[in-house]
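Residue numbers (this note's numbering), protein chains in the order written: chain A, 1 to 289; chain B, 1 to 289. Backbone N, C-alpha and C fix where the C-beta goes; we use that ideal spot for every residue, glycine too. All of these numbers come straight from a predicted model, not from anything done at the bench.
2 protein chains.
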Amino acid sequence: MSEFEKLLGSYQARVNQKLEVLLPHDDSILTSAMRYSVLNGGKRLRPILAYLTAELNDTEAEYMDTLASSLELIHCYSLIHDDLPAMDDDELRRGNPTTHKKFDEATAILAGDALQPLAFELISTIKTTDRNKVQMINSLSKACGYLGMVGGQIKDINSNQIKDVESLDSMHSEKTGRLIQASIETAGILSGLSPSDIDSLKEYGGKIGLAFQIQDDIIDIESPASVSGKDQGSDIGKDKTTYPSLVGLEASKVRAHELSKDAKKILQPINKNTDNLAMLADYIVSRKA
Amino acid sequence: MSEFEKLLGSYQARVNQKLEVLLPHDDSILTSAMRYSVLNGGKRLRPILAYLTAELNDTEAEYMDTLASSLELIHCYSLIHDDLPAMDDDELRRGNPTTHKKFDEATAILAGDALQPLAFELISTIKTTDRNKVQMINSLSKACGYLGMVGGQIKDINSNQIKDVESLDSMHSEKTGRLIQASIETAGILSGLSPSDIDSLKEYGGKIGLAFQIQDDIIDIESPASVSGKDQGSDIGKDKTTYPSLVGLEASKVRAHELSKDAKKILQPINKNTDNLAMLADYIVSRKA
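Structure representation (structure tokens):
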């Protein structure tokens, strides 16, 4: 394992520990489903982005923990709802039964519905200025809305109507890219980066978000469930438009690597140590799960 | 129509006008479903509470419009999800097909998912201090979460297990009462009421919230769909525990009126003109729809 992978592992461990504490424990079905859906060994990409962004200003990881956790709560809520029978109808997530399979559909919908406001509540309690809290909430709420994650998701479930790369890019930019960019933006606000650095980093986030998504499509084809934690070929079975289905597997790999390279180029003019963000761009397109 | 009913009508009209402007119009399925679910002639109780609370400090209604709209967006999102097949499986809402009947289940889930963050986004843009925005978001996010609206909803769908009035009260306090209290609290914050007045008003809100719910149960039995906009007797058909099913129709009416009286008593020590809030307490238990 490389030094960089060890760093990622340490950030995963820290956000997992924080999530364990921040998620309610009252033994009700609802909070059990919330905990089940979040504490399941996810990749924690959005928290990692928040921590790596904070490194640019030498901000202590501890100061980022609540924000990092909130970003992951939003992501996990979106996964619960995406997996529902009315949406992607998935049975496996990260190698375990999806929330509606483990509990039931109503509980899954409500667990998602409760994770979302918990994220906003937590951000409202971070020890920083009110100005920063309002800006973070504004950024995150927009990323979650009809022009962001939810707007992208409705295009995704109708993705068999998508026939060109531009439309597929735009769907993924909304569905995945906006929350990734908001992860960077909110972390930049909290750690005091300049607006111009935040803008560059958001552009970087747009590139790695797309690269991440293309790599996900590649993994769906190439990795068995034992590695990816999802049903292999599940996109194909659902008649979804993916990068490989539009341009082929090889061209998809080329595109993912180009996006990763573009992302690294955007980092260069930033007058901070962005080495770890550059390594993350490489890591995203080399992962197998 | 009484002067008070005219006042309620004027507040309904103003929040409807504001919602019309604040909701996105991009002709996509998602935003069409969002608009359909919100712009349907609801009672607008939560916005009305915000306006009536602001009257105590002679705050202009215009200053409250965005907050009032945000509260209604949260309420409408919760209704969309409550009506889903996995929850109450309702086909009619306010006399029209429910969102999942008019569109489909995925679109209904996502319309709710997009309305919730829009509420937080809008509050983050209100022209007031950052301190006020953070406090309003904190209040509202808690009311929406696992200890509030969503916590109450999961108890409601399992309400056939509720066998006593205390548990039924507690379910409704979470499901309906918390958002009603947050409507008053956020409006109190925005209009600059004192913390002690806000506390009294929240107690008032707890009482009228329960009274409202009991009256809803009574309407479900006594009013045909043409008046209530819902299927008559729909609670009975779903084997839900209601006040009438626990204590009988007459005792339910007595309880609703007692709660309304208690609510008015709480208003008396407040050194402001609370006449309209008192009239609302009466109105809530006299309505037929």
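Check	Outcome
Going by Cα to Cα distance, which pick from Gly145(B), Lys264(B), Val15(B) and Gly152(B) is closest to Ala68(B)?	Val15(B)
Can you tell me whether Leu92(A) is helix, strand or coil according to DSSP?	strand
Would you say the beta carbon of Ile48(A) comes nearer than 6 Å to a heavy atom of the ligand MN?	Looking at this structure, you won't find the ligand MN or any other ligand, since it has none at all.
For Glu55(B), which of Tyr283(B), Glu3(B), Lys272(B) and Ser286(B) has the nearest alpha-carbon?	Lys272(B)
How should Glu166(B) be labelled, buried or exposed, when 16 other C-beta atoms within 10 angstroms of its C-beta is the threshold for buried?	exposed
Leaving aside the five residues before and after Met171(A) along the sequence, list all residues of the same chain whose C-beta is less than 8 Å from its C-beta, in chain order.	Gly152, Lys155, Asp156, Ser159 and Ile162
With 7 Å set as the bound, which would you pick, yes or no: does the beta-carbon of Ser2(A) sit closer than that to a beta-carbon of chain B?	no
In the DSSP output, which residue or residues are listed as bridge partners for Pro97(B)?	Leu92(B)
Can you list the residues of chain A that Met87(B) reaches, using a CB-CB cut of under 9 Å?	Glu105, Ala106, Ile109 and Leu110
What does the alpha-carbon distance come out to for the pair Ser2(B) and Gly9(B)?	11 Å
Mapping the DSSP letters down to three states, classify Tyr146(B) as helix, strand or coil.	coil
Spell out whether any CB of chain B is found under 7 Å from the CB atom of Asp113(A).	yes
Taking 7 Å as the threshold (beta carbon to beta carbon), is Asn160(A) in contact with chain B?	no
So, is Leu39(B) buried or exposed, given that buried needs 16 or more other C-beta atoms within 10 angstroms?	exposed
So, is Asn196(A) buried or exposed, given that buried needs 16 or more other C-beta atoms within 10 angstroms?	This sequence places Ser at residue 196(A); Asn is not what is there. Answer is exposed; the Cβ neighbour count stays below 16.
Please list, in chain order, the chain A residues whose beta carbon lies closer than 7 Å to that of Met34(B).	Tyr146
Which term fits Gln135(B), buried or exposed, when burial requires 16 or more other beta carbons within 10 angstroms of its beta carbon?	buried
So Thr98(B) packs on Ile29(B), CB below 8 Å; how close in whole Å?	About 16 Å; that fails the 8 Å criterion.
Among the candidates Ile184(A), Ala119(A) and Ile284(A), whose CA atom is the shortest distance from the CA of Leu23(A)?	Ala119(A)
Find the residues of chain B that neighbour Phe120(A), judging by a C-beta separation of less than 7 Å, and give them in chain order.	Phe120, Ile137 and Ser141
Give me the subset of the region 21–51 of chain A whose CB atoms are less than 7 Å from a CB atom of chain B, sorted by chain position.	Pro24, Ile29, Leu30, Thr31 and Met34
If you pair each beta-carbon of the region 176–193 of chain A with each one of the region 132–151 of chain A, do three or more pairs fall below 8 Å?	yes
Measuring only between beta-carbons, confirm whether Lys133(B) sits less than 7 Å from chain A.	yes
How far does the alpha helix (DSSP H) with Glu121(B) in it extend, from its first residue to its last?	Glu105 to Ile123
Which residues, in order along the region 262–286 of chain B, keep a beta-carbon less than 9 Å from a beta-carbon of chain A?	none
My understanding is that Ala111(A) touches Ala33(A), with C-beta atoms under 8 Å, so please give their C-beta distance in whole angstroms.	4 Å
Look at the alpha carbon of Glu105(B) and the alpha carbon of Tyr77(A), and state the distance between them as a whole number of angstroms.	17 Å
At 4 residues or longer, what runs of the alpha helix (DSSP H) sit wholly inside the region 233–258 of chain B?	234–237 and 243–247
Could you pull out every residue in the same chain whose Cβ sits closer than 6 Å to the Cβ of Gly192(A), ignoring the five residues on either side in sequence?	Asn57
Expressed to the nearest angstrom, what Euclidean distance is found between the alpha-carbon atoms of Leu259(A) and Arg287(A)?	15 Å
Just the chain B side, please: which residues come within less than 8 Å of Gly151(A) by C-beta, in chain order?	Ser28, Leu30 and Ala114
Using only the alpha-carbon positions, how far apart do His81(A) and Ser223(B) sit?	35 Å
By DSSP, does Glu60(B) sit in helix, in strand, or in coil?	coil
Are there 16 or more other CB atoms within 10 angstroms of the CB of Ala281(A), so buried, or fewer, so exposed?	buried
Would you mind sorting Gly248(B) into buried or exposed? The rule is 16 or more other CB atoms within 10 Å of its CB.	exposed
Please return the same chain residues whose Cβ sits closer than 7 Å to the Cβ of Glu203(A), not counting the five positions on each side in sequence.	Ile266
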